[in-house]
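Asker: Structure below; questions to follow.
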Amino acid sequence: MSKTTNSALIEGLQKLLKNRGSMTVEGVDLLERVIDHLREYEKLKKKDDRMQRAAVIVELLLKFLLLPSVSEKIGDTLNNLPHTISNLIDKLL
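Heads up, the sequence shown is in numbering that gives the first Met the number 0, so the first residue is 0 and it goes up one at a time.
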């Protein structure tokens, strides 16, 4: 993933946290962990390390999206989840 894409993703997640409304503590924690992992991802040089970090990022994002409080708000979007995940993985690798 390019630094620009990574930075934009971090910025977007930070805005989401800032305007979190009724987001649960668990949701906030997951997004904060994603941001931390994205920052670390930028620093990694080895492809294997980057792939491992990308897998953790995808796992945390999936956990966030599948939280009942989140999934009920994005209902129809979950139908496109496999496509969204595929795109995210492509960008991370």
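Don't be surprised by glycine CBs; every beta carbon is placed ideally from N, CA and C.
Computed from a prediction, not measured in an experiment: that's the story for all the values here.
#1: Tell me the DSSP secondary structure of G20 in three-state form.
#2: Taking only the alpha-carbon atoms, compute the straight-line gap between T3 and A53 and give it to the nearest angstrom.
#3: How about Y40 and R49: do their beta carbons lie closer than 8 Å?
#4: How about V27 and L16: do their beta carbons lie closer than 8 Å?
#5: Out of V57, E58 and N5, which has the shortest C-alpha to C-alpha gap to K42?
#6: Drop a sphere of 10 angstroms on the beta-carbon of I34, count the other beta-carbons inside from all chains shown, and report buried for 16 or more, exposed for fewer.
#7: Sorted by chain position, which residues of the same chain lie with C-beta nearer than 7 Å to L30's C-beta, five sequence neighbours on each side aside?
Answerer: Judging by the given coordinates:
#1: Reading the sequence shown from its first residue, position 21 is the one you call residue 20. Coil.
#2: Within the sequence shown, residue 3 is the residue found at index 4, counting from 1. Within the sequence shown, residue 53 is the residue found at index 54, counting from 1. Those two C-alpha atoms are separated by around 16 Å.
#3: Against the sequence shown, residue 40 aligns to sequence position 41. Against the sequence shown, residue 49 aligns to sequence position 50. Between Y40 and R49, the CB-CB gap stays under 8 Å.
#4: In the sequence shown, counting from the first residue as 1, residue 27 sits at position 28. In the sequence shown, counting from the first residue as 1, residue 16 sits at position 17. Annotated as proximal: V27 and L16, with beta-carbon spacing under 8 Å.
#5: The count along the sequence shown starts at 1 and reaches residue 42 at position 43. With respect to the C-alpha of K42, the residue from V57, E58 and N5 having the closest C-alpha is N5.
#6: Residue numbering aside, residue 34 sits at position 35 when the sequence shown is read from its first letter. With at least 16 other beta carbons inside 10 angstroms of its own, I34 counts as buried.
#7: Against the sequence shown, residue 30 aligns to sequence position 31. Excluding sequence neighbours, L30 sits near L12, L15, L16 and F63.
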